[in-house]
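Peer 1:
There are 2 protein chains.
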Amino acid sequence: MAKDSGADATAEGPPSPTSEAKTPRTERGRRTLRTILDAAAAEFGEKGFHEGSISGITTRAGVALGSFYTYFDSKDEVFRALVRDMSGQVRDHVAPRVRDAVDGIDAERLGLESFLEFVRRHKEIYRIIDEAEFVDQASYRDHYAGAVDRIRTRLAAGAARGEIRADAGEVHAWAIMGMNVFLGLRYGVWQEDLAPSEVAAAANDILRRGLAP
Amino acid sequence: MAKDSGADATAEGPPSPTSEAKTPRTERGRRTLRTILDAAAAEFGEKGFHEGSISGITTRAGVALGSFYTYFDSKDEVFRALVRDMSGQVRDHVAPRVRDAVDGIDAERLGLESFLEFVRRHKEIYRIIDEAEFVDQASYRDHYAGAVDRIRTRLAAGAARGEIRADAGEVHAWAIMGMNVFLGLRYGVWQEDLAPSEVAAAANDILRRGLAP
């Protein structure tokens, strides 16, 4: 069972999206930071990085400019924090669903299904992550490297339980992530003509046989 | 055999990257247009769309500004033409290799292997296609829709020959394209630590069993 496999590396909780010095220390501060990050997602998702502005973010968030600068020094810094935050949101949305899997292959089905559901509610994630390729290449790479690491960890746990072929490794993890990203683009962002469960079942059927021991 | 399946829809040749009125009518004109498009790939690949310029393109190409305007009206237009041209280059690079496949699944192996080889020689393709998402969404969608169509056609041909499961369809094609795009990013653009043939063989092994009838 995937449940007690430790397959998802989320137990340690999300890293703070801001630098150490600016981590909010109160519940109220954490709520303000959350509001600013959500406003940044809306601002950059709608206008893109170059057209988006700090004042656009604070207006959407309903906070004073000073509150923004309590947490971030610049537009670049809030954008980087937003990419890390979105990576963390995907991970935290997917992880509890994956724990319900009946086996290692089923974990990938639930991972894709819950990712598709997340994407439909946060369509701006594609624009933001994709723009990171141009605005901050390191954030872009970290986002995908982190996702691949989580898939590799799940595959290794499934292989250790004899549910997945023993040679499943990095290439397989990148292949699975690529499937998920483009199925998310097509069936999450562009058109919702199939249910997430249908898309995930069809894709998982490839893996069910393709990754069998 | 994939060879006589008509599985790749390339026999009609690439569409002209420019609008009808501006298609070169002489061999010399075709060479000039090719030179301009290659220079545009270098310019936009290195500087991005916003920093890239028409004068940067003509300097790289070693052609006069007037030659540029013989074929394109604007920076937007040459960028759109470049995206179409790169889609066509990928297709024309992959198609003859796929014809050597021993069956429908092997066609996907050769498709990925030749795509990885193409990417290593044209690393700028990722930046250009990805930037199209922001510069010209229609070109971006057309690029991926075209790639998916070619995969679907190959899967259908393989299914008709009894080599691929009969229900292989759109979801499977998007899954395969996503695999290819991200394996190309990781093993083509970012790092060349595995040979294209090794990456393609590992990924194809999933499909060999996963798409069997």
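Residue numbers (the numbering used here), protein chains in the order written: chain P, 1 to 213; chain Y, 214 to 426.
All C-beta atoms, glycine included, are put in the ideal place defined by N, C-alpha and C.
1) Starting from the Cα of H50 of chain P, find the closest Cα among P:I36, P:A95, P:D136 and P:E170 and give me that residue.
2) Between which two residues does the alpha helix (DSSP H) harbouring P96 of chain P extend?
3) Do T236 of chain Y and G275 of chain Y have their C-beta atoms closer together than 9 Å?
4) Distance, Cα to Cα, A200 of chain P vs E113 of chain P?
5) Using beta carbons (cut-off 9 Å, strictly below), is H158 of chain Y in contact with chain P?
6) Considering only their Cβ atoms, is the gap separating G265 of chain Y from A253 of chain Y smaller than 9 Å?
7) Does any residue of chain Y bring its CB to less than 9 Å from the CB of V90 of chain P?
8) Quick one: which chain Y residues come within Cβ less than 7 Å of H143 of chain P?
9) Please list the partners that E131 of chain P has in chain Y, where partner means a Cβ-to-Cβ separation under 8 Å.
10) Looking only at C-alpha atoms, which of P:R91, P:A81 and P:G66 sits nearest to I151 of chain P?
11) Run through chain P and tell me which residues come within less than 8 Å of I338 of chain Y, C-beta to C-beta.
12) Cβ closer than 8 Å: which chain Y residues qualify as neighbours of R209 of chain P?
13) Output yes if chain Y places a C-beta closer than 9 Å to the C-beta of V102 of chain P; else output no.
14) To the nearest angstrom, how far is the alpha carbon of R80 of chain P from that of W190 of chain P?
15) Around the Cβ of L278 of chain Y, are there at least 16 other Cβ atoms within 10 angstroms (buried) or fewer (exposed)?
16) For chain P, check one thing: does any of its Cβ atoms lie closer than 9 Å to the Cβ of V412 of chain Y?
17) Give a yes or no on whether the minimum CB-CB distance between A157 of chain P and chain Y is below 9 Å.
18) I54 of chain P to D167 of chain P, Cα distance in whole Å?
19) Exposed or buried, which one is A195 of chain P when buried takes at least 16 other CB atoms within 10 Å?
20) Reducing DSSP to helix, strand and coil, say where G178 of chain P ends up.
21) Considering only C-alpha positions, which residue in the set Y:D298, Y:A358, Y:H306 and Y:A372 is nearest to A425 of chain Y?
22) Have a look at R186 of chain P and R30 of chain P and give me their C-alpha separation to the nearest angstrom.
23) If the cut-off is 9 Å on Cβ atoms, which residues from the segment 59-89 of chain P count as contacting chain Y, listed in chain order?
24) What residues from chain P crowd round R399 of chain Y, counting only those whose CB sits closer than 7 Å?
25) Could you tell me which chain Y residues have their CB closer than 8 Å to the CB of I206 of chain P, listed as they occur along the chain?
26) Quick one: residues in its chain with C-beta nearer than 7 Å to the C-beta of H306 of chain Y, no 5 flanking neighbours on either side, listed in chain order?
27) By how many angstroms is the C-alpha of G210 of chain P removed from the C-alpha of R310 of chain Y?
28) Suppose the cutoff is 6 Å on Cβ atoms and the five residues either side in sequence are ignored; what does the same chain contact list for G111 of chain P look like?
29) For the alpha helix (DSSP H) that contains F257 of chain Y, what are its first and last residues?
30) Hey, quick one: how far does the alpha helix (DSSP H) through A113 of chain P stretch, first residue to last?
31) In angstroms, rounded to a whole number, what distance separates the CA positions of T70 of chain P and F347 of chain Y?
32) Between which residues of its own chain and S139 of chain P is the CB-CB distance below 6 Å, once the five residues before and five after are set aside?
33) Sort Y:L368, Y:T239, Y:D418 and Y:I338 by Cα distance to M299 of chain Y and report the nearest one.
34) Any beta carbon from chain Y within less than 9 Å of A202 of chain P's own beta carbon?
35) May I have the straight-line CA-CA distance separating T58 of chain P from F68 of chain P, to the nearest angstrom?
36) Among Y:E376, Y:D406 and Y:A416, whose alpha-carbon lies nearest the alpha-carbon of R333 of chain Y?
Peer 2: Looking at the coordinates:
1) Along the first sequence, read from residue 1 onward, the residue named residue 50 of chain P stands at position 50. H50 of chain P has its Cα closest to that of P:D136, out of P:I36, P:A95, P:D136 and P:E170.
2) For the purposes of this step, residue 96 of chain P is taken as the residue at position 96 of the first sequence. Element bounds for P96 of chain P: K75 to V98.
3) As a first step, residue 236 of chain Y must be located in the second sequence, where it is residue number 23. As a first step, residue 275 of chain Y must be located in the second sequence, where it is residue number 62. Against a cut-off of 9 Å, the Cβ pair of G275 of chain Y and T236 of chain Y comes out as no contact.
4) Your numbering for residue 200 of chain P matches position 200 in the first sequence. Your numbering for residue 113 of chain P matches position 113 in the first sequence. Here the alpha carbon of A200 of chain P sits roughly 5 Å from the alpha carbon of E113 of chain P.
5) An answer regarding residue 158 of chain Y cannot be provided, because it is not within the stretch 214 to 426 covered by chain Y.
6) Looking up residue 253 of chain Y in the second sequence gives position 40. Looking up residue 265 of chain Y in the second sequence gives position 52. A contact, by the Cβ cut-off of 9 Å.
7) Mapped onto the first sequence, residue 90 of chain P falls at position 90. So, not an interface residue.
8) Position 143 of the first sequence holds residue 143 of chain P. Result: empty, since nearest Cβ-Cβ is about 12 Å, beyond 7 Å.
9) In the first sequence, the residue the question calls residue 131 of chain P occupies position 131. Correct list: F347.
10) Residue numbering aside, residue 151 of chain P sits at position 151 when the first sequence is read from its first letter. Per the Cα distances, P:R91.
11) The sequence position of residue 338 of chain Y within the second sequence is 125, counting from 1. In chain order: nothing, as chain P lies at least about 13 Å away.
12) If you number the first sequence from 1, residue 209 of chain P lands on position 209. Simply R422, G423 and A425.
13) Position 102 of the first sequence, counted from the first residue, corresponds to residue 102 of chain P. With its beta carbon at least 9 Å from every one in chain Y, V102 of chain P lies outside the interface.
14) Locating residue 80 of chain P in the first sequence gives position 80, counting from the first residue. Locating residue 190 of chain P in the first sequence gives position 190, counting from the first residue. Rounded to whole angstroms, the separation of the alpha carbons of W190 of chain P and R80 of chain P is 25 Å.
15) Residue mapping note: residue 278 of chain Y aligns to position 65 of the second sequence, counting from 1. Counting Cβ neighbours within 10 Å, L278 of chain Y comes out exposed, since fewer than 16 surround it.
16) Residue numbering aside, residue 412 of chain Y sits at position 199 when the second sequence is read from its first letter. Judged by the 9 Å Cβ criterion, V412 of chain Y is in contact with chain P.
17) Walking along the first sequence from the start, residue 157 of chain P turns up at place 157. Taking a beta-carbon distance threshold of 9 Å, A157 of chain P does not count as an interface residue toward chain Y.
18) As a position in the first sequence, residue 54 of chain P is number 54, starting the count at 1. As a position in the first sequence, residue 167 of chain P is number 167, starting the count at 1. Distance from the CA atom of I54 of chain P to the CA atom of D167 of chain P, rounded to whole angstroms, is 48 Å.
19) Your numbering for residue 195 of chain P matches position 195 in the first sequence. By the Cβ-count criterion, A195 of chain P is exposed, with fewer than 16 other Cβ atoms from all chains shown falling within 10 Å of its own Cβ.
20) For the purposes of this step, residue 178 of chain P is identified with residue 178 of the first sequence, where counting begins at 1. Helix at G178 of chain P.
21) Translated into the one-based positions of the second sequence, residue 425 of chain Y becomes position 212. Ranking the options by Cα distance to A425 of chain Y, first place goes to Y:A372.
22) Counted from its first residue, the first sequence places residue 186 of chain P at position 186. Counted from its first residue, the first sequence places residue 30 of chain P at position 30. Using only the alpha carbons, I get a separation of about 34 Å.
23) Residues are counted here when their Cβ sits less than 9 Å from a Cβ of chain Y; for the segment 59-89 of chain P the count is zero.
24) As a position in the second sequence, residue 399 of chain Y is number 186, starting the count at 1. Residues of chain P passing the Cβ test: W174.
25) As a first step, residue 206 of chain P is located in the first sequence; it is residue number 206 there, counting from the start. H385, A388, I419, L420, G423 and L424, listed in chain order.
26) In the second sequence, residue 306 of chain Y corresponds to position 93, counting from 1. Around H306 of chain Y: S327 and F331.
27) For the purposes of this step, residue 310 of chain Y is identified with residue 97 of the second sequence, where counting begins at 1. For the purposes of this step, residue 210 of chain P is identified with residue 210 of the first sequence, where counting begins at 1. When rounded, the distance between both Cα atoms is 24 Å.
28) Within the first sequence, residue 111 of chain P is the residue found at index 111, counting from 1. Around G111 of chain P: V94 and V98.
29) Position 44 of the second sequence, counting from 1, holds the residue named residue 257 of chain Y. Segment E240 to E264, the alpha helix (DSSP H) holding F257 of chain Y.
30) Numbered from its first residue, the first sequence carries residue 113 of chain P at position 113. Ala is not the amino acid found at residue 113 of chain P; the sequence shown has Glu there. Counting along the chain, the alpha helix (DSSP H) containing E113 of chain P begins and ends at G104 to R121.
31) The residue given as residue 70 of chain P occupies position 70 in the first sequence. The residue given as residue 347 of chain Y occupies position 134 in the second sequence. Taking the Cα positions, T70 of chain P is about 31 Å away from F347 of chain Y.
32) Position 139 of the first sequence, counting from 1, holds the residue named residue 139 of chain P. Excluding positions up to five away in sequence, the list reads R80, V83 and A132.
33) For the purposes of this step, residue 299 of chain Y is identified with residue 86 of the second sequence, where counting begins at 1. If we check each option's Cα against that of M299 of chain Y, Y:I338 comes out closest.
34) On the first sequence, residue 202 of chain P is found 202 positions in, with the first residue counted as 1. For A202 of chain P, the nearest CB of chain Y lies under 9 Å from its own CB, placing it at the interface with that chain.
35) Numbered from its first residue, the first sequence carries residue 58 of chain P at position 58. Numbered from its first residue, the first sequence carries residue 68 of chain P at position 68. Their Cα atoms are separated by approximately 7 Å.
36) Mapped onto the second sequence, residue 333 of chain Y falls at position 120. Among Y:E376, Y:D406 and Y:A416, the Cα nearest to that of R333 of chain Y belongs to Y:D406.
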